[in-house]
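Here the numbering used here = 1-based position in the sequence shown + 5.
Positions of the beta carbon are idealized from the N, C-alpha and C atoms, including for glycine.
Here's the structure we're looking at; comments come further down.
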Amino acid sequence: MRRAVARHSPTTVNRARHIVNLQTDVDLQPYNTLAVPARAEYYAEVTERGQLPELLQFAREKALPLLVLGGGSNVILKGDFPGLVLHIRLTGKTLVDEDRDYYRLKVAAGENWHALVQYTLEQGYWGLENLSLIPGSVGAAPIQNIGAYGVELKDVFERLEAVDVATGELIEFNKDDCAFGYRDSLFKREGRDRYVIVSVTLRLLRQPHLKVTYPSLREALASVPLEALTPRDVGRAVCAIRQSKLPDPMAIPNVGSFFKNPLVGLDQFMELQMHHPGLVSYPVDARHVKLAAGWLIDRAGWKGVQRGPVAVHSEQALVLTNPGRAPGAKVLALAEEIRHSIAAEYNVDLEAEPRVYP
Ligand code: FAD
Ligand code: EPU
Numbered sequence: 006m007r008r009a010v011a012r013h014s015p016t017t018v019n020r021a022r023h024i025v026n027l028q029t030d031v032d033l034q035p036y037n038t039l040a041v042p043a044r045a046e047y048y049a050e051v052t053e054r055g056q057l058p059e060l061l062q063f064a065r066e067k068a069l070p071l072l073v074l075g076g077g078s079n080v081i082l083k084g085d086f087p088g089l090v091l092h093i094r095l096t097g098k099t100l101v102d103e104d105r106d107y108y109r110l111k112v113a114a115g116e117n118w119h120a121l122v123q124y125t126l127e128q129g130y131w132g133l134e135n136l137s138l139i140p141g142s143v144g145a146a147p148i149q150n151i152g153a154y155g156v157e158l159k160d161v162f163e164r165l166e167a168v169d170v171a172t173g174e175l176i177e178f179n180k181d182d183c184a185f186g187y188r189d190s191l192f193k194r195e196g197r198d199r200y201v202i203v204s205v206t207l208r209l210l211r212q213p214h215l216k217v218t219y220p221s222l223r224e225a226l227a228s229v230p231l232e233a234l235t236p237r238d239v240g241r242a243v244c245a246i247r248q249s250k251l252p253d254p255m256a257i258p259n260v261g262s263f264f265k266n267p268l269v270g271l272d273q274f275m276e277l278q279m280h281h282p283g284l285v286s287y288p289v290d291a292r293h294v295k296l297a298a299g300w301l302i303d304r305a306g307w308k309g310v311q312r313g314p315v316a317v318h319s320e321q322a323l324v325l326t327n328p329g330r331a332p333g334a335k336v337l338a339l340a341e342e343i344r345h346s347i348a349a350e351y352n353v354d355l356e357a358e359p360r361v362y363p
């Protein structure tokens, strides 16, 4: 279970101007990859862990809602944020331990995820190759247990440290504590808005163990014999697949997959399959199957559809884009139209993947 490892000394702060780095009325458009226009009432860049207790106390005293922000690649800002945005910019990587099989690498929450993947591949620490090119920060990776091409964060996760928003206490969470699931963790449920993750420790392999069973990855690597493949080859293949279908947020604003892939019961799956023979699905357990939401949305005719400033991506129907840099409400209106259409067409309920604020 979780364990307090340190307690920050409390500091009394009554006025915003006493806190280094605290700003008011800050433009958040550059800090969210959907490029939604929105402003933060209060905003602070957190570059040192020691800044957190004072900032958290300030938020408590003023009863301000908190938005802990990393790369802003999985948030939808519906409007201005009437509270304190804590932009996590903590940096640093430490090899804390190594044994016969593993390297344990502790990484600060503000490090860029893909830069970390590249660093580990350069060092010969294996295991992150399938998770190449996922935007965002290391500290956000446990929130939805990031996953791609047959690997999830939980497969390489050892522990994390987080500051308790209510007490300023530093708490350690092991893998079981985090209750990881598909696009899910404690931090989306009971732990929601209760912790600021400050570091994540990963357990990486000394000997490569390649996972290349995900259909599009297997296809991309089909011409190379398995024994000749390296983790760096897998990383390069994953990057190439992603670049061929996912829009670069710097060019076309987006938050990646807009909906989770839905889980359905076996009976419903068999009925759907009868009416839609090409249905793409993945086994989950004896009673459930996961459907490819992108396939459903694509077959329902949404791919490439444009609604003024917002659109359904032409190469991947699960991705909504915001080329017009419109307010979040416009993107959410298109998502709602799609959700209704999928419910009507397949009797399947789609759930949004990114978090909507406020
Ligand atoms: P943010 O958007 O800043 O925050 C997301 C959530 O995490 C918020 O609720 C925020 O409060 C919380 N949070 C962030 N940092 C912390 C912290 N330090 N402590 C506590 N809470 C925190 N995701 C996948 O899983 N697989 C993919 O393949 C994938 N592909 C993507 C492709 C594209 C083009 C894009 C734009 C997104 C993709 N995503 C994918 C989604 C996104 O990259 C991940 O969810 C990523 O982990 C978000 O990181 P971030 O730092 O941008 O988080
Ligand atoms: N498909 C279509 N049409 C589309 C989109 C997809 O027919 O417009 C089909 C594909 O041909 C394929 C299947 O649907 O047979 C699955 O597509 P893909 O491999 O692109 O993956 P996905 O299920 O759409 C999920 C994740 C992605 C992750 C990839 C690779 C979710 C919600 N999304 O997408 O994560 O990168 O698998 O593992 O689970 C994200 O979370 O933001 C994200 C991009």
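Check                                                                                                                                                                                   : Outcome
In the segment 207 to 239, which residue ranges form an unbroken alpha helix (DSSP H) of at least 4 residues, counting only runs that do not cross its ends?                            : 220 to 225
Using the three-state DSSP reduction, which class does residue 152 fall into: helix, strand or coil?                                                                                    : strand
Hey, how far is the Cα of residue 96 from the Cα of residue 124?                                                                                                                        : 14 Å
Does the distance between the C-beta of residue 131 and the nearest non-hydrogen atom of the ligand EPU fall short of 7 Å?                                                              : no
Distance, Cα to Cα, residue 271 vs residue 353?                                                                                                                                         : 13 Å
Among the candidates 100, 322, 60 and 239, whose CA atom is the shortest distance from the CA of residue 4?                                                                             : Coverage of the chain is limited to positions 6 through 363, which leaves residue 4 absent and any answer about it impossible.
What is the residue span of the beta strand (DSSP E) that residue 81 lies within?                                                                                                       : 80 to 82
Comparing C-alpha positions only, which one of 42, 47 and 39 sits nearest to residue 29?                                                                                                : 47
Report all residues from its chain with a CB closer than 7 Å to the CB of residue 138; omit the five preceding and five following residues, and keep chain order.                       : 119, 243, 244 and 247
Apply the 10 Å Cβ neighbour rule to residue 280 and answer buried if 16 or more other Cβ atoms are within range, or exposed otherwise.                                                  : exposed
From 89, 84, 143 and 233, pick the residue whose C-alpha is nearest to that of residue 65; which is it?                                                                                 : 89
Does the ligand EPU have a heavy atom nearer than 7 Å to the CB of residue 297?                                                                                                         : yes
Can you check the segment 229 to 314 for any beta strand (DSSP E) of at least 3 residues that lies completely inside it and give the ranges in chain order?                             : 259 to 262, 268 to 270, 286 to 288 and 293 to 296
Residue 214: which of 202, 239 and 193 sits nearest, CA to CA?                                                                                                                          : 239
Taking the alpha-carbon positions, what's the residue 163 to residue 210 distance?                                                                                                      : 12 Å
With a Cβ-Cβ cutoff of 8 Å, do residue 170 and residue 201 count as a contact?                                                                                                          : yes
Taking the continuous alpha helix (DSSP H) assigned at residue 90, which residues delimit it?                                                                                           : Careful: residue 90 lies outside any alpha helix (DSSP H), inside the beta strand (DSSP E) at 86 to 93.
Tell me which same chain residues have a C-beta within less than 8 Å of the C-beta of residue 121, skipping the five on either side of it?                                              : 98, 112, 133 and 143
Buried or exposed: residue 355, going by 16 or more other Cβ atoms within 10 Å of its Cβ?                                                                                               : buried
Can we count residue 149 as close to the ligand FAD, meaning its CB is less than 7 Å from some heavy atom?                                                                              : yes
For residue 78, verify whether its CB is less than 7 Å away from any heavy atom of the ligand FAD.                                                                                      : yes
Please tell me whether, using a cut-off of 7 Å, the distance from the CB of residue 93 to the nearest non-hydrogen atom of the ligand FAD is below it.                                  : yes
How big is the Cα-Cα spacing for residue 334 and residue 241?                                                                                                                           : 36 Å
Does the beta-carbon distance from residue 155 to residue 222 come in below 8 Å?                                                                                                        : yes
Three or more beta-carbon pairs under 8 Å between the segment 34 to 49 and the segment 73 to 81, yes or no?                                                                             : yes
Tell me whether the segment 187 to 196 and the segment 145 to 153 touch, counting them as touching only if at least three CB pairs, one residue from each stretch, are closer than 8 Å. : yes
Buried or exposed: which applies to residue 321, given that a residue is buried once 16 or more other Cβ atoms fall within 10 Å of its Cβ?                                              : buried
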